[in-house]
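In our numbering, the protein residues as written are 16 to 106.
Built from N, CA and C at the ideal position, the CB exists for glycine as well.
Here the structure is laid out as structure tokens; the discussion comes afterwards.
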């Protein structure tokens, strides 16, 4: 449940800031580098905990709640990868 909350929060952050990533985190970087750093930070924020979750018991992984979390995570990771590719092309 905590991971689902973090995942939804990361998704909200991505939607809110994808057009103008927050400059506070990397104020000295050029805009595209800063956007890529921000995107990679969100990516790692949601990917690393999932590695631990995938090592849990199969009974937990087969629950509907877990399946929904994995689905949302996959969609968000795909969106972040698309965003990163777009920014690299802009560069």
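Rounded distance between the beta-carbons of residue j and residue i, thought under 8 Å
i: residue 98; j: residue 33; result: 6 Å
i: residue 58; j: residue 95; result: 5 Å
i: residue 67; j: residue 92; result: Actually they do not touch by this definition, with Cβ atoms about 16 Å apart.
i: residue 60; j: residue 25; result: 6 Å
Inter-residue spacing [alpha-carbon to alpha-carbon] between residue i and residue j
i: residue 43; j: residue 49; result: 8 Å
i: residue 81; j: residue 102; result: 31 Å
i: residue 47; j: residue 84; result: 30 Å
Residue i - DSSP class collapsed to helix/strand/coil
i: residue 77; result: coil
i: residue 59; result: helix
i: residue 70; result: coil
i: residue 37; result: coil
i: residue 42; result: coil
i: residue 106; result: coil
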